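Student: First, the structure itself, so that you have it in front of you.
Protein chains: 2
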Amino acid sequence: MSTPAPLSDTPRTRLGRARERGRADRAELHAILDAGRICHLGVPTEGAPMVIPTGYGRLGDTLYLHGSTGARSLRLGAATEVCVTVTHLDGIVLARSIFHHSINYRSAVVYGRLRVVTEPEEKLAGLRAVSESLAPGRWDVTRPPDRRELAATAVLALPLAEASVKVRQGPPVDDEADHALDVWAGVLPVHQVFGEPVPDPLLRADIPFPPEMIA
Amino acid sequence: MSTPAPLSDTPRTRLGRARERGRADRAELHAILDAGRICHLGVPTEGAPMVIPTGYGRLGDTLYLHGSTGARSLRLGAATEVCVTVTHLDGIVLARSIFHHSINYRSAVVYGRLRVVTEPEEKLAGLRAVSESLAPGRWDVTRPPDRRELAATAVLALPLAEASVKVRQGPPVDDEADHALDVWAGVLPVHQVFGEPVPDPLLRADIPFPPEMIA
Numbered sequence: 001m002s003t004p005a006p007l008s009d010t011p012r013t014r015l016g017r018a019r020e021r022g023r024a025d026r027a028e029l030h031a032i033l034d035a036g037r038i039c040h041l042g043v044p045t046e047g048a049p050m051v052i053p054t055g056y057g058r059l060g061d062t063l064y065l066h067g068s069t070g071a072r073s074l075r076l077g078a079a080t081e082v083c084v085t086v087t088h089l090d091g092i093v094l095a096r097s098i099f100h101h102s103i104n105y106r107s108a109v110v111y112g113r114l115r116v117v118t119e120p121e122e123k124l125a126g127l128r129a130v131s132e133s134l135a136p137g138r139w140d141v142t143r144p145p146d147r148r149e150l151a152a153t154a155v156l157a158l159p160l161a162e163a164s165v166k167v168r169q170g171p172p173v174d175d176e177a178d179h180a181l182d183v184w185a186g187v188l189p190v191h192q193v194f195g196e197p198v199p200d201p202l203l204r205a206d207i208p209f210p211p212e213m214i215a
Numbered sequence: 001m002s003t004p005a006p007l008s009d010t011p012r013t014r015l016g017r018a019r020e021r022g023r024a025d026r027a028e029l030h031a032i033l034d035a036g037r038i039c040h041l042g043v044p045t046e047g048a049p050m051v052i053p054t055g056y057g058r059l060g061d062t063l064y065l066h067g068s069t070g071a072r073s074l075r076l077g078a079a080t081e082v083c084v085t086v087t088h089l090d091g092i093v094l095a096r097s098i099f100h101h102s103i104n105y106r107s108a109v110v111y112g113r114l115r116v117v118t119e120p121e122e123k124l125a126g127l128r129a130v131s132e133s134l135a136p137g138r139w140d141v142t143r144p145p146d147r148r149e150l151a152a153t154a155v156l157a158l159p160l161a162e163a164s165v166k167v168r169q170g171p172p173v174d175d176e177a178d179h180a181l182d183v184w185a186g187v188l189p190v191h192q193v194f195g196e197p198v199p200d201p202l203l204r205a206d207i208p209f210p211p212e213m214i215a
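If you're matching them up, the sequences are chains A and B in order. With the first letter of the first sequence counted as 1, position 155 gets the number 155 in the UniProt record's numbering; the numbers rise by one all the way through. With the first letter of the second sequence counted as 1, position 70 gets the number 70 in the UniProt record's numbering; the numbers rise by one all the way through.
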């Protein structure tokens with residue numbers, strides 16, 4: 001395997017605090033993005049930025065977002081620099097002192113300028129990437145988007161050129177003096193799991209749930 | 001029960017698209033915030049905003065954030081208007097057409113100016129709120145913060161005065177013509193669950209896991 005290219009080193013992607021949590025490995029950035037279903041997109045506006053949850057997909061070193069052509073976030077975001085953050089909460093870190101409580105997590109922060117994708121082939125590929133990230137396998141078994149639906153959907157591309165990754169894993173780090181305390185310490189892992197599928201009330205009775213959806 | 005006060009109606013909290021997903025009920029805002037463990041804090045910087053995951057807690061109509069006094073996000077955020085977003089992914093909505101795929105979710109977006117909490121009593125109450133939100137019950141059984149730890153921790157307050165709530169639940173909404181398609185449609189629920197607790201390797205062998213932590 002070739003060594004993956006390193007992440008960027010710009011003022012805003014250089015870690016300040018908790019440097020030991022930083023990861024410089026592009027493969028880890030990809031893995032964190034690929035494991036997520038929604039990101040938080042931050043768009044500058046006058047005053048506070050707008051931070052909204054939205055779906056996304058990755059193709060190589062490009063992140064794709066989609067949305068209605070009328071969505072304010074995409075309309076505002078297309079013109080300016082944005083930030084996209086993906087976070088996985090992996091565990092609650094229970095220490096013997098309140099101060100050393102923490103969370104185990106993996107997070108990726110990407111900065112860049114959103115590009116509106118107009119070329120039909122890339123637009124379709126970007127939509128497919130978003131779709132596969134949210135619901136793997138569905139692109140090939142459902143009705144594809146028609147001309148009207150494509151026209152109503154904006155696809156935006158964000159290069160993964162400027163990004164940072166932060167990871168905390170492992171047990172709590174308590175002060176030496178607190179180790180004698182009569183308090184349980186450790187990690188409570190957090191997982192995201194699927195529940196029992198709920199069929200559409202309008203579903204034809206002869207169509208079974210495709211088990212590969214939760215494989 | 002008294003009727004809860006309505007949410008704000010400012011240009012940035014007024015919903016543009018998918019208005020039917022909006023909720024005007026303050027009790028629903030509280031419920032969404034109380035069900036979450038991390039928020040995404042958006043802080044304006046020159047160019048793109050900075051969007052980072054962080055813990056939070058709620059007391060009445062005030063949201064509390066905390067962090068190291070050295071954290072860049074809190075240092076930048078304290079001076080300006082910020083956005084705090086909490087999102088719960090509740091399900092993957094599988095439609096018969098790619099276009100109508102969606103997610104079921106609950107999200108709250110709060111805008112406002114962060115206030116640095118300096119009054120010792122409020123600072124402790126804010127820290128306790130953040131702690132209880134992340135790890136309920138731990139505040140009372142662990143070593144409380146000492147003077148040095150309190151000095152190293154910044155607590156910031158955000159009023160829940162300007163907020164919007166968006167919720168999507170329920171089955172896919174396919175085009176009438178697609179109902180005949182030979183494709184499973186419905187919702188794949190997503191839940192966040194705890195895994196088996198992992199004791200700190202340094203934990204004294206005679207201390208059992210407190211079962212109320214996962215009750």
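We put the beta carbon where it would ideally sit given N, CA and C, even for glycine. In this text, all values refer to a predicted model and were calculated from it rather than measured experimentally.
Thinking C-alpha only, which one of Asp175(A), Pro120(A), Val86(A) is nearest leucine 150(A)?
Tutor: Checked all of Asp175(A), Pro120(A), Val86(A); the closest Cα to leucine 150(A) is Pro120(A).
Student: Let me know the secondary structure DSSP gives aspartate 34(A) once reduced to three states.
Tutor: DSSP places aspartate 34(A) in helix when its eight states are reduced to three.
Student: Run through the segment 54-122 of chain A for me and flag every whole alpha helix (DSSP H) of 4 or more residues, listed as ranges in chain order.
Tutor: Complete alpha helix (DSSP H) runs here, min 4: 72-77.
Student: Can you pull the chain B neighbours of residue 244(A), defined as C-beta to C-beta under 8 Å?
Tutor: Nothing can be reported for residue 244(A): it is not among the residues displayed for chain A, which extend from 1 to 215.
Student: Check whether chain B comes within 9 Å of histidine 191(A), counting only Cβ atoms and requiring the distance to be less than that.
Tutor: Judged by the 9 Å Cβ criterion, histidine 191(A) is in contact with chain B.
Student: Across which residues does DSSP place histidine 40(B) in a beta bridge pair?
Tutor: Partner(s): Pro53(B), Thr85(B).
Student: When you compare only the Cα positions, how much space is there between isoleucine 38(A) and arginine 58(A)?
Tutor: Rounded to whole angstroms, isoleucine 38(A) to arginine 58(A) spans 12 Å at the Cα level.
Student: So the beta strand (DSSP E) alanine 18(A) belongs to, where does it begin and stop?
Tutor: Alanine 18(A) -> no beta strand (DSSP E), and no H or E assigned at all.
Student: In terms of alpha-carbon separation, which member of Gly67(A), Met213(A), Arg23(A) lies closest to glutamate 196(A)?
Tutor: Nearest option by C-alpha distance: Met213(A).
Student: Name the two residues that bound the continuous alpha helix (DSSP H) containing arginine 204(A).
Tutor: Element bounds for arginine 204(A): n/a, residue is neither H nor E.
Student: Can you tell me whether DSSP reads histidine 179(B) as helix, strand or coil?
Tutor: Here histidine 179(B) sits in coil by DSSP.
Student: Between which two residues does the alpha helix (DSSP H) containing glycine 152(B) stretch?
Tutor: The residue asked about is misnamed: residue 152(B) is alanine in this sequence, not glycine. Residues 147-152.
Student: What number of angstroms, rounded off, separates the C-alpha of threonine 45(B) from the C-alpha of valine 130(A)?
Tutor: Each residue's Cα considered, the two are about 28 Å apart.
Student: Mapping DSSP to helix, strand and coil, what is proline 189(A)?
Tutor: If DSSP states are grouped into helix, strand and coil, proline 189(A) belongs with the strands.
Student: For serine 8(A), decide whether its Cβ has a neighbour in chain B, counting only Cβ atoms nearer than 9 Å.
Tutor: Not an interface residue.
Student: Please list the terminal residues of the continuous beta strand (DSSP E) segment that includes glutamate 162(B).
Tutor: Start and end: 162-168.
Student: Is the shortest distance between the beta-carbon of glutamate 81(A) and the beta-carbons of chain B less than 9 Å?
Tutor: So, interface residue.
Student: Closer than 7 Å, Cβ to Cβ, to anything on chain A: give me those residues from the segment 62-86 of chain B, in chain order.
Tutor: Those would be Ser68, Gly70, Ala71, Arg72, Glu81, Val82, Cys83, Thr85, in chain order.
Student: Output yes if chain B places a C-beta closer than 9 Å to the C-beta of glutamate 196(A); else output no.
Tutor: Closer than 9 Å to some Cβ of chain B, the Cβ of glutamate 196(A) qualifies, so yes.
Student: In whole angstroms, what separates the C-alpha of alanine 163(A) from that of threonine 13(A)?
Tutor: In a straight line, the C-alpha of alanine 163(A) is about 6 Å away from that of threonine 13(A).
Student: Which residues, in order along the segment 153-187 of chain A, keep a beta-carbon less than 7 Å from a beta-carbon of chain B?
Tutor: Cβ contacts with chain B come from Pro171, Pro172, Asp178, His179, Leu181, Asp182, Val183, Trp184, Ala185, Gly186, Val187.
Student: Beta-carbon of methionine 1(B) versus every beta-carbon of chain A: anything under 9 Å?
Tutor: Because the pLDDT at methionine 1(B) is just 43, under 50, the model does not fix this residue reliably, and the point stays unresolved.
Student: If you count every other CB in all the chains shown that lies within 10 Å of the CB of glycine 126(A), and 16 or more means buried, which is it?
Tutor: That one is buried.
Student: For threonine 118(A), count neighbouring C-beta atoms within 10 Å of its own C-beta (all shown protein chains included) and say buried if the count is 16 or more, exposed if not.
Tutor: Result: exposed.
Student: Kindly say whether valine 51(A), judged by its beta-carbon, lies nearer than 9 Å to any beta-carbon of chain B.
Tutor: Yes - at least one Cβ of chain B is within 9 Å of the one on valine 51(A).
Student: Rounded to whole angstroms, what is the Cα-Cα separation between valine 190(B) and valine 43(A)?
Tutor: Going by the C-alpha atoms only, they are around 27 Å apart.
Student: Give a yes or no on whether 9 Å exceeds the smallest Cβ distance from glycine 126(A) to chain C.
Tutor: Among the protein chains of the structure shown, namely A and B, there is no chain C.
Student: Which residue's Cα is closest to the Cα of tyrosine 56(B): Ala71(B), Asp34(B), Ser68(B)?
Tutor: Tyrosine 56(B) has its Cα closest to that of Asp34(B), out of Ala71(B), Asp34(B), Ser68(B).
Student: Report the three-state DSSP secondary structure of arginine 128(A) (helix, strand or coil).
Tutor: Residue state, collapsed to three classes: helix.
Student: What three-state label does DSSP hand proline 197(A) in the structure shown?
Tutor: It is coil, neither helix nor strand.
Student: When DSSP labels each residue in this structure, what does proline 211(A) get in the three-state scheme?
Tutor: Proline 211(A): helix per DSSP, three-state reduction.
Student: If you measure between the beta carbons of isoleucine 103(B) and leucine 158(A), is that distance less than 9 Å?
Tutor: Their beta carbons are not under 9 Å apart, which means isoleucine 103(B) does not touch leucine 158(A) by this criterion.
Student: Tell me the rounded alpha-carbon separation between arginine 168(A) and aspartate 9(A).
Tutor: Each residue's Cα considered, the two are about 20 Å apart.
Student: Chain A beta carbons: is any one of them nearer than 9 Å to that of arginine 147(B)?
Tutor: Not one chain A Cβ lies under 9 Å of arginine 147(B).
Student: Tell me residue 216(B)'s beta-bridge partners as DSSP assigns them.
Tutor: Past the edges of chain B, shown from 1 to 215, lies residue 216(B), and the structure says nothing about it.
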